[in-house]
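Heads up: the structure comes next, in structure tokens.
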Amino acid sequence: MPVTEESQVFAKIVRYIAGQADDVSRDDETPEGRYLAEALSELAQAFETTGGFEFKPEQAPHLAHTFSTLEAAMRALSAQARQLEQHNAAAKMEWAADQASRMSADCYESHRRKGGGIIAFAPAEEGEAEG
Numbered sequence: 005m006p007v008t009e010e011s012q013v014f015a016k017i018v019r020y021i022a023g024q025a026d027d028v029s030r031d032d033e034t035p036e037g038r039y040l041a042e043a044l045s046e047l048a049q050a051f052e053t054t055g056g057f058e059f060k061p062e063q064a065p066h067l068a069h070t071f072s073t074l075e076a077a078m079r080a081l082s083a084q085a086r087q088l089e090q091h092n093a094a095a096k097m098e099w100a101a102d103q104a105s106r107m108s109a110d111c112y113e114s115h116r117r118k119g120g121g122i123i124a125f126a127p128a129e130e131g132e133a134e135g
């Protein structure tokens with residue numbers, strides 16, 4: 005899987021949310037919060053270094069839930085950015101939320117088929133603008 009510009013942007017956003025989740029988990033000391041922060045950090049690392057990752061059938065439900073959680077966080081950050089009139093940031097968060105939604109659906113579909121899969125950003129086609 006190649007690292008793409010999209011995977012790098014997505015990784016930065018996921019890493020930011022992982023940091024926020026880590027801060028919250030330290031305050032409330034819940035195992036769920038720590039798990040989420042660790043899972044998000046691992047996802048960010050995968051997108052930064054390899055552009056994505058392969059997952060096993062038993063990982064699909066947890067990944068679907070994690071990507072749904074990410075989507076919700078990204079949409080909340082987009083709304084905050086819009087309120088602050090940071091339209092570029094809001095658009096990036098909406099784009100990332102759409103990607104997380106697609107990834108969640110892909111994981112759910114893999115789970116339904118009782119299979120694993122690959123989560124990655126496709127490289128831009130030749131002549132296609134990246135963005």
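For the sequence shown, position 5 (counting from the first letter as 1) is numbered 9 according to our numbering, and the numbering increases by one without interruption. Idealized CB from N, CA, C, for every residue including glycine.
Roughly how many angstroms separate the alpha carbons of A124 and S29, rounded to a whole number? The sequence position of residue 124 within the sequence shown is 120, counting from 1. The sequence position of residue 29 within the sequence shown is 25, counting from 1. When rounded, the distance between both Cα atoms is 28 angstroms.
If we ignore side chains and look at the alpha-carbon of each, how far apart do L74 and Y39 end up? Locating residue 74 in the sequence shown gives position 70, counting from the first residue. Locating residue 39 in the sequence shown gives position 35, counting from the first residue. So the two alpha carbons sit approximately 13 angstroms from each other.
List the endpoints of the continuous beta strand (DSSP E) containing E58. For this step, residue 58 is matched to residue 54 along the sequence shown. Per DSSP, E58 belongs to the beta strand (DSSP E) from 56-59.
What does a CB cutoff of less than 7 angstroms around F57 pick up in its chain, not counting 5 residues either side in sequence? Here the question's residue 57 lines up with position 53 in the sequence shown. A50, I123.
Under the three-state DSSP convention, the category R19 falls into: Position 15 of the sequence shown, counting from 1, holds the residue named residue 19. Helix at R19.
Is Q84 buried or exposed, if buried means 16 or more other CB atoms sit within 10 Å of its CB? Stepping through the sequence shown from its first residue, residue 84 is reached at position 80. Exposed.
Could you compute how far the alpha carbon of K16 sits from the alpha carbon of P6? As a first step, residue 16 must be located in the sequence shown, where it is residue number 12. As a first step, residue 6 must be located in the sequence shown, where it is residue number 2. Taken atom to atom, the span from the alpha-carbon of K16 to that of P6 is near 17 angstroms.
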